[in-house]
Amino acid sequence: MVVIAHGYGEHIGRYERLADRLVADGAVVYAVDHVGHGRSEGERVHITDFEDVVTDLHTLDETARREHPGLPVVLLGHSMGGLIAARYAQRYGDTLAALVLSSPLIGRWEGAAQLLALDEIPDVPLDITTLSRDPSVGERYAADPLVWHGPFKRPTLQAIERGLAAIDEGPSLGGLPLMWIHGEADPLVPIDGSRAGVEHLRGPDYVERTYPEARHELFNELNADAVMTEVAAFVRRS
């Protein structure tokens, strides 16, 4: 069973291709829109404490286990979902079979501090070319009414900074199998900043895959099929 945690401003509907691939490979997939995202309730992209989001995800996990008892659970988090998944693994790692972090917002991320230093956070749309080398990905993102297209909320940025600190101050994952995937040309969550967080978390059972020229959304990149094949192989052996 795979539980997916999506990224900032988006929704889980953008992961249908990945879910279909995992299901075709024999997995059961569960996911939910985080509070303030997609079809979930709450002020848009307003998160004051990521510990609460982790607790929400644990409720989904408990539901999945009731419906499919006995299946090992692999948690997969992308971008901000990587922050949520990493913190989840620190809190509930003994219940997981493995963890997959895709372009995870962990370690060092200067974006939050830079925006918080401003008197007013600018309402500048995301540069859709940062998502993928495939132009159609950005075009669909820009036209998606369930995606948040407005500015960051200050409380959310502050919560991100606290979440990063909590992971940094929390334990390593010990023997929990961990796979880290990242685009080497990711401008939104630069790979070097995430590496610091991964090095803190990882134990001896560790797989790293980085992709030259790939941008932020590896499951929507030009080489997405190859990425998903590697992730599915890791999930299978876990």
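With the UniProt record's numbering as the guide, the letters of the sequence shown map in order to residues 1 to 238. In this text, a Cβ means the ideal position worked out from N, Cα and C, and glycines have one as well. Quick caveat, the model's predicted, so the values are computed rather than measured.
So if DSSP puts residue i in a beta bridge, which residue, or which two residues, is it bridged to?
i, result
"residue 99", "75 and 178"
"residue 206", "178"
"residue 30", "3"
"residue 183", "211"
With a Cβ-Cβ cutoff of 9 angstroms, do residue i and residue j count as a contact?
i, j, result
"residue 167", "residue 203", "no"
"residue 221", "residue 154", "no"
"residue 99", "residue 77", "yes"
"residue 4", "residue 24", "no"
"residue 82", "residue 104", "yes"
"residue 200", "residue 79", "no"
"residue 73", "residue 65", "yes"
"residue 17", "residue 224", "yes"
"residue 35", "residue 68", "no"
"residue 141", "residue 126", "yes"
"residue 160", "residue 112", "yes"
"residue 235", "residue 22", "yes"
Using alpha carbons as the reference points, say which of the options lies closest to residue i.
i, options, result
"residue 193", "108, 104 and 16", "108"
"residue 115", "16, 14, 158 and 210", "158"
"residue 218", "101, 58, 149 and 89", "101"
"residue 178", "216, 231 and 213", "231"
"residue 190", "235, 212, 206 and 229", "212"
"residue 187", "91, 110 and 36", "110"
"residue 162", "19, 207, 214 and 49", "49"
"residue 150", "185, 210, 124 and 234", "124"
"residue 95", "208, 207, 75 and 237", "75"
"residue 45", "7, 71, 68 and 69", "7"
"residue 92", "160, 170, 131 and 182", "170"
"residue 156", "51, 71 and 226", "51"
"residue 214", "56, 22, 97 and 131", "131"
"residue 129", "185, 97, 71 and 1", "185"
Could you spell out the range, first to last residue, of the alpha helix (DSSP H) harbouring residue i?
i, result
"residue 200", "191-201"
"residue 163", "154-169"
"residue 62", "50-67"
"residue 16", "16-24"
"residue 147", "Here residue 147 belongs to no alpha helix (DSSP H), and DSSP marks it neither H nor E."
"residue 234", "224-237"
"residue 81", "80-92"
"residue 116", "110-116"
Exercise for the section: Indicate whether the contact test is met: 3 or more Cβ pairs, each with one atom in the stretch 118-137 and one in the stretch 77-94, closer than 8 angstroms. Expected result: These segments do not touch.
Exercise for the section: Indicate whether the contact test is met: 3 or more Cβ pairs, each with one atom in the stretch 169-187 and one in the stretch 53-72, closer than 8 angstroms. Expected result: Contact fails: fewer than three Cβ-Cβ distances are below 8 angstroms.
Handout entry: Given 8 angstroms, three or more beta-carbon pairs between the stretch 140-152 and the stretch 8-15
Key = With a cut-off of 8 angstroms, the stretch 8-15 and the stretch 140-152 count as touching, because enough Cβ pairs lie within range.
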